[in-house]
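The block underneath contains the structure these notes are about, expressed in structure tokens.
Number of protein chains: 4
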Amino acid sequence: MTIHHFQPSHYHLTLGTHPPVLRIADGDTVVTTTVDAYGHDERDVEVSPRGNPQTGPFHVEGAEPGDALAIRFDRLWPNRDVGYTSAMLATNVVDPDFARGMPERENVAWRIDRAAGTATLVQPVPGLDGLTLPLAPMLGCFGVAPDKGQAISAATSGPYGGNMDYRGFKAGTTVVLPVFAPGGLVFVGDGHAVQGDGEIAGTGIEVSFDVQFTGRLLKEKTIRWPRGEDADSIFTAGNARPLDQALQHATTEMLRWLQSDYGLDLVAASILLGQCVEYQVGNVYDPAYTMVCRLSKSILTLAQSR
Amino acid sequence: MTIHHFQPSHYHLTLGTHPPVLRIADGDTVVTTTVDAYGHDERDVEVSPRGNPQTGPFHVEGAEPGDALAIRFDRLWPNRDVGYTSAMLATNVVDPDFARGMPERENVAWRIDRAAGTATLVQPVPGLDGLTLPLAPMLGCFGVAPDKGQAISAATSGPYGGNMDYRGFKAGTTVVLPVFAPGGLVFVGDGHAVQGDGEIAGTGIEVSFDVQFTGRLLKEKTIRWPRGEDADSIFTAGNARPLDQALQHATTEMLRWLQSDYGLDLVAASILLGQCVEYQVGNVYDPAYTMVCRLSKSILTLAQSR
Amino acid sequence: MTIHHFQPSHYHLTLGTHPPVLRIADGDTVVTTTVDAYGHDERDVEVSPRGNPQTGPFHVEGAEPGDALAIRFDRLWPNRDVGYTSAMLATNVVDPDFARGMPERENVAWRIDRAAGTATLVQPVPGLDGLTLPLAPMLGCFGVAPDKGQAISAATSGPYGGNMDYRGFKAGTTVVLPVFAPGGLVFVGDGHAVQGDGEIAGTGIEVSFDVQFTGRLLKEKTIRWPRGEDADSIFTAGNARPLDQALQHATTEMLRWLQSDYGLDLVAASILLGQCVEYQVGNVYDPAYTMVCRLSKSILTLAQSR
Amino acid sequence: MTIHHFQPSHYHLTLGTHPPVLRIADGDTVVTTTVDAYGHDERDVEVSPRGNPQTGPFHVEGAEPGDALAIRFDRLWPNRDVGYTSAMLATNVVDPDFARGMPERENVAWRIDRAAGTATLVQPVPGLDGLTLPLAPMLGCFGVAPDKGQAISAATSGPYGGNMDYRGFKAGTTVVLPVFAPGGLVFVGDGHAVQGDGEIAGTGIEVSFDVQFTGRLLKEKTIRWPRGEDADSIFTAGNARPLDQALQHATTEMLRWLQSDYGLDLVAASILLGQCVEYQVGNVYDPAYTMVCRLSKSILTLAQSR
């Protein structure tokens, strides 16, 4: 149960089978940092090209294809006092005719008060002057090396994770990812101090982060899409376009999970999900969109007690 | 502010410009009943063919195309002690290859305890025997007559409302619908005692309902998609396939609303939604899917106080 | 085999169970006219509101739900010398960011030389001055009354036909439609002198038409989506969004057809379609898109001779 | 104008920045071979894992990001006498409820008569016994290294090409691809002796190929999606899901092309495409689907002569 402190010296714009920066054991904790989506570090200095630069990869000893890795986010917190966010929605989240008149996107700055836990709009914006929002830090993009030796842009997502921009990827959440390459190869990046569902402006409040996570190796645990757990619920994430297909992936993964781990057959799982499932929307800006399928633990407990 | 008690003698399988069953004034309240999706009434006797039979339409005096109608659901509650729900997910919410092995859907019964506010699974289902869920009554399908004199099946949805199957259409919620025909012509039906997001089994717990609603006429209020308000949030609903397009409709309608009623320009509305929007999934079973775009009132209050 | 000459005096903006304008027998021929999509007749005078006004409906004696109607287009030809077409692509057929700069759509006029069989651009358009295209007349919107007593806008499509805007709906083609209402109730309208695939500008060359068709009643012939036949191929049409779903409808209908009428089982039909199917794109502008699934008769003959 | 003969000794399952197997100059020709989608060579011996193994990459001297590569397919022809094809359609091209009863896919063999130019079904299949189809050889998967140093599975597609499975990629066709990596890095593979539109069974008639192509370097030619030209038409290919988005990419690329190279402004290009565009469907089986946007040269000549 070692705690590793790792200071990155380079970043990756793809999730792939890159040389590991650190090897950790099952149960170890990593304390590190991430730069913002534009490649700016805790001093707001550019240290990487833009595009959700990833810290890592971290090699988990013993992880082999067919296993899974559980990553618990212990701490996610901005490590500087300014963040940036687009001031215009993306054209793909509005009706095509409405897009006609939309100007190009420009960024605005937010002052981040880490002690108070707030972000305050810096520029004067009529109607929003000095708007202050509570911080809700989350990781927009993280994952493992994809299958087949692929190296895939940190601007999209897939079964290996990637740029899912889901608000639920916050401190206290555990994410389980399939292992496709030896060591799994964990990447983390793209911290958001605050973000609405869908990342519909194409950004959250983009900021560099302090990140602490703990990895656990689940041997011979075959999963097809990211799974997770937080205080309230278990959940699965599907990544694809259109959202309909992302929803299919997430729902099917939840069905498999209920069947394999919770002793429910397809009928029981259907009844439970049919009346109790919740969906939440992750990224709807990338090439692949993200839909999250959730089932509350209180419902599961009800079912499990039968 | 009359309270009308209306007992239906026939039902409609389409929302269209049908002869009104009752004329009400701005501000009036209607107390009525709806049959379940299969056309069964409070005695569980078939009184209509299946397909979300609608009670109504109710003509609101003075409503003209270009106006809007605000419908507040005052009371939605099952009026019998048994409900039915599909015991198999729909094939369109799972991966196509997973659908290969899925059996046809069959219904199971739930005993509804209206005093206790619970629904309990009647049949023995391994893993779920006697599962009891709290009631969360909502209307699956309601709306007004569509534009152009159309009459559209109560199994789908559009700008006029319809079969949106959104959990948020519950007592205490106010829905605003565009008026396309003189009198607006309000329809209500398809009560669900409980329902998961998306109605992914193709049903909620289908049951006949007591319904009480109050209608308010908003003259010269042009909206394009259903809008609503509950204790926490304002929201818009988009109905289309794929979900991506439903999301575009809902987001665009929210932008219009923030611009016209809350004094925000496109930049301010983009910043606010970009960091604070929430999406919720309505029906993903019908020809048209439903996506709901929400903004919390606490955020709006923050913005409004600028 | 009567030939009926019918001159319309009113038009419908929905396909629905409207009072028939004429009753015809199995095998009868109708010679009539249609106005253009804007409601302008052969004198270019507005005689109906815009929105693909339909001529009809024509009641086919003996047609009942569960039957099908075969409509052969005998003659489709413009009946005036000017047509109109949008001079700007629709925003939904380009990338959302590209839509940003697109101006509103305006119409340009074409001079139609019916003797020469050509359409010539009237306005000066740099790079296209005097462009002359050969006429390829087709019906954009036609169909029967939908199921459940629905009345659906002539701006969209479904199992009953509607605004499919498929270039293959030309003289010599036979279309088979399911019967949902007594008499079937055939509507015709929305003639295009020329049109590209998809109707991606939102219009073809819109013009009023002389239309002659012959109806044949197929008793107890249950089909789910429009089917057709021309000199080269048999085909099916699916109408939905996204195109992926339209393709699913069309492909499934073709599979059913090959199984029921051509003696192929699912394996044989899969092998044949897998190597020989062709797809063509109908409307991609409406709420519902259209995909056509085709199989050449020469291939079918090869298979049939086994 | 050297002609290089290259015999591959290894294959790639991803298109990426892999070490080149050969360096060629602008205008050079490569004569090589490809294995089938399952990794079987001209002796039908497995020499690679399955998954559209790619021959290459071929480095084109002088090619830099911002350039484009024109690849003319000079000769594509099976180099063995047996091919394989799935005997069951993919579940994603049929209606979800129809998928319920579909069996798993199995392969059947075809005897390829290279002299006669035909493929004949080997197994007895009721209704298709001995079915013989004319060969129509095409490359299912080819392309260049993607941007950002990505390495992407040969089972999908993108701006760099990939598994597009478009029947138009046949001998005589020239494809133009954007250059993202030094040398471009050309890959070829996945020959189909015959294939229906969409590759809806998940395979064409899969066979190893003799491939001859000629590469031409287009300096400072920035394109965003594959473009092409054959005897009849110019065309663009968009790769994405749903097909609607693939169509947007292809249409937008065609607009850019008409504007930059054919002297048409957006109005003229809209008029021309609106009345004359053709779409053809490539792969609808992969994670990314392919739509091809075509404009006939005869129409372009008409326009160009203005």
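Protein chains in written order, with the working numbering: chain C, -3 to 302; chain R, -3 to 302; chain U, -3 to 302; chain G, -3 to 302. Just so you know, even glycine gets a beta-carbon here, dropped at the ideal spot from N, CA and C.
- With its beta carbon less than 9 angstroms from one in chain G, Thr87 (chain R) belongs to the interface.
- Spanning the alpha carbons of Thr128 (chain G) and Phe176 (chain U) requires a straight line of approximately 41 angstroms.
- Residue environment for His36 (chain G): buried (at least 16 other C-beta atoms within 10 angstroms of its C-beta).
- Close to Met84 (chain G), with beta-carbon spacing below 9 angstroms, are these residues of chain U in chain order: Leu262, Val263, Ser266, Ile267, Gly270.
- Arg96 (chain U) sits close to Glu100 (chain C), with the two beta carbons spaced by under 9 angstroms.
- At a cut-off of 3 residues, the continuous stretches assigned as beta strand (DSSP E) that sit fully inside the region 106 to 168 of chain R are 114 to 117, 128 to 130, 134 to 139, 157 to 159.
- Looking at the backbone, the Cα of Tyr156 (chain R) and that of Ala167 (chain G) are separated by about 53 angstroms.
- Judged by their CB atoms, Leu85 (chain U) and Thr28 (chain G) are not nearer to each other than the 9 angstroms cut-off.
- Closer than 8 angstroms at the C-beta level to chain G, one finds these residues of the region 236 to 255 of chain C: Ala236, Arg237, Pro238, Gln241.
- Counted as a single uninterrupted DSSP element, the beta strand (DSSP E) harbouring Ala66 (chain G) occupies residues 64 to 74.
- When Cβ-Cβ separations below 9 angstroms define contact, Ser292 (chain C) makes no contact with chain G.
- Excluding its 5 nearest sequence neighbours in each direction, Arg237 (chain C) has C-beta neighbours in its own chain below 8 angstroms: Pro283, Ala284, Tyr285, listed in chain order.
- Against chain C, the CB of Val273 (chain R) has a partner CB under 9 angstroms away; the residue lies at that interface.
- When Cβ-Cβ separations below 9 angstroms define contact, Thr10 (chain U) makes contact with chain R.
- Within chain U, the residues whose beta carbon sits less than 7 angstroms from that of Gln146 (chain R) are Thr10, Ala147, Ile148, Ser149, listed in sequence order.
- If you draw a 10 Å sphere on the C-beta of Ser5 (chain R), you find fewer than 16 other C-beta atoms in it, and that means exposed.
- Taking C-beta atoms as the reference points, Leu117 (chain G) and Ala132 (chain G) fail to come closer than 9 angstroms.
- The criterion of a C-beta distance shorter than 9 angstroms is not satisfied by Phe205 (chain U) and Cys289 (chain U).
- Residue range 92 to 95 is occupied by the alpha helix (DSSP H) that includes Pro92 (chain U).
- When the alpha-carbon of Ile67 (chain U) is set against those of U:Gly23, U:Ser44, U:Gln191, the nearest one is in U:Gly23.
- In the three-state DSSP reduction, Leu268 (chain C) falls in the helix class (H, G or I).
- The continuous beta strand (DSSP E) containing Arg19 (chain U) extends over residues 18 to 20.
- Minimum Cα-Cα distance from Arg39 (chain U) among the listed residues U:Ala64, U:Gly47, U:Gly79 corresponds to U:Gly79.
- Interface flag for Arg46 (chain U) against chain C is unset, since no Cβ pair is found closer than 9 angstroms.
- Around the CB of Arg19 (chain R), fewer than 16 other CB atoms lie within 10 Å, so the residue is classed as exposed.
- Residue contact check for Thr169 (chain U) against chain G: no CB pair falls below 9 angstroms.
- When rounded, the separation of the alpha-carbon atoms in Arg223 (chain U) and Trp253 (chain U) is 9 angstroms.
- For the region 93 to 110 of chain R, the beta-carbon criterion of a distance under 7 angstroms to any beta-carbon of chain G is satisfied by Asp93, Ala95, Arg96, Met98.
- Pairing Phe94 (chain G) with Leu298 (chain U) gives a Cβ-Cβ distance that is not under 9 angstroms.
- Scanning chain U for C-beta atoms nearer than 7 angstroms to the C-beta of Asp91 (chain G) yields Gln244, His245, Thr248, reported in chain order.
- Taking Thr199 (chain G) as the centre and dropping the five residues before and after it, the same chain places the C-beta of Thr81, Ser82 closer than 6 angstroms to its C-beta, in chain order.
- According to the DSSP assignment, His245 (chain U) belongs to the alpha helix (DSSP H) that extends over 239 to 257.
- When the Cα atoms are used, Val43 (chain U) and Lys215 (chain R) turn out to be separated by approximately 31 angstroms.
- Residues of the same chain with a CB within less than 7 angstroms of the CB of Thr152 (chain U), apart from the 5 flanking positions on each side, are Gly158, Asn159, Asp282, Pro283, Ala284 in chain order.
- Annotation for Gly234 (chain R): Trp221, Ala242, His245, Ala246, Met287 place their beta carbon closer than 6 angstroms to its own, counting only its chain and skipping 5 residues before and after.
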